[in-house]
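Remarks on the structure that follows.
Residue numbers (the working numbering): 125 to 290.
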């Protein structure tokens, strides 16, 4: 989580494994597109910076954050990716809808991590307002897309290391 003490885009580059030959899917919510587009751009730039070829990045769009779980599962079932990054943004409104969507997508992504042998990365912003979202999508708190990409690389690396040790 971004705070005044931690920027989402700060990481030690030496701590990130080489991601050459990794295949990563990014599933992006179209809702709050200004934010999710910036998050996706950040994730792609970070993946490429660490060796993932553009041809090895699969990008799919869904209408909203609730649909991220289904699309992430489908990508895992029907493609040959090493990991999936789910990118969305849910901004609190005046109804409990925020709580239901956030809980559903959080539990859904967690369930996929238990069910499938590849990592599913939670790149979903859950903010109080639009400005908080923008601050975390390339603004003063960095870009959660960067953080999600680094997490994906590290988790894929963990899987490949464990598979190689069998």
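The beta carbon of each residue, even a glycine, is placed where N, CA and C say it ideally should be.
In the DSSP assignment, residue 278 falls within the alpha helix (DSSP H) that extends over 268–288. For residue 203, no beta strand (DSSP E) run applies, since DSSP gives it neither H nor E.
The beta carbons of residue 213 and residue 153 sit closer together than 8 Å. Between the alpha carbons of residue 187 and residue 215 lies a distance of about 15 Å.
For residue 152, the enclosing beta strand (DSSP E) covers residues 148–153. In the three-state scheme derived from DSSP, where H, G and I count as helix and E and B as strand, residue 143 is classed as coil.
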